[in-house]
Amino acid sequence: MQKKLVPNVIKECRCTTMTADKTVRDAAVLMTGQNIGALVVVDGDAIVGIVTERDMMCKVVGASVDPDTAKIADIMTPNPDTITGDALSGQALEMMVEKGYRHLPIVDESQKPIGMVSVRDLYQAVQEGLAEDLQACETYVQGGDGYGVGA
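When we follow the numbering used here, the leftmost residue of the sequence shown carries the number 7, and every step to the right adds one.
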């Protein structure tokens, strides 16, 4: 069963943001402290980019760039795709698979960032959905709760 991203997949909307002029080290410290793999780069309320742990690994550590001098603007992916909270989990997953994303910012109707969905979040939602479907099938086959039982 497809679930809406908010509130069914992402139960608590929170979006960690940072401005593009901060250093990569600032972002790494924030991401480590909050145990997250990506953050949204903003200018005011507008999304201007996304930076992920993979960006840090490939564009900073792997490239021998100094994280204390490199700016978020130097490594972020500019103008990332976004999705709204009322989108279905399948839509987010399709977009992420098609474009190779692991994180996708969630925005409200005014395009303000309100959350982030990850592949891990979607995997968990799919797993829960499959468990629910399996339980419904077992109930149907066994005739419990009046499901599939003639009167």
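Just so it is clear, CB atoms sit at the ideal spot from N, CA and C, and this is done for glycine as well.
- Where Thr25 is concerned, the enclosing beta strand (DSSP E) starts and stops at 23–25.
- Taken atom to atom, the span from the alpha-carbon of Thr25 to that of Asp87 is near 18 Å.
- Within the model, the alpha-carbon separation for Leu136 versus Tyr129 is close to 11 Å.
- Straight through space, the alpha carbons of Glu134 and Val47 are spaced by roughly 31 Å.
- Scanning its chain for C-beta atoms nearer than 8 Å, with the 5 sequence neighbours on each side dropped, one finds around Lys28 the residues Lys77, Ile78, in chain order.
- Taking 7 Å as the cut-off, the beta carbon of Glu59 is found closer than this to the beta carbon of Gly43.
- Per DSSP, the beta bridge partners of Asp49 are Ala52.
- If you check the CB distance, Ala131 and Lys9 come in under 7 Å.
- Proximity of the stretch 140–148 to the stretch 114–126 falls short of the contact definition, fewer than three beta-carbon pairs being nearer than 8 Å.
- Taking a C-beta distance under 7 Å as the contact criterion, Met122 and Pro111 qualify as a contact pair.
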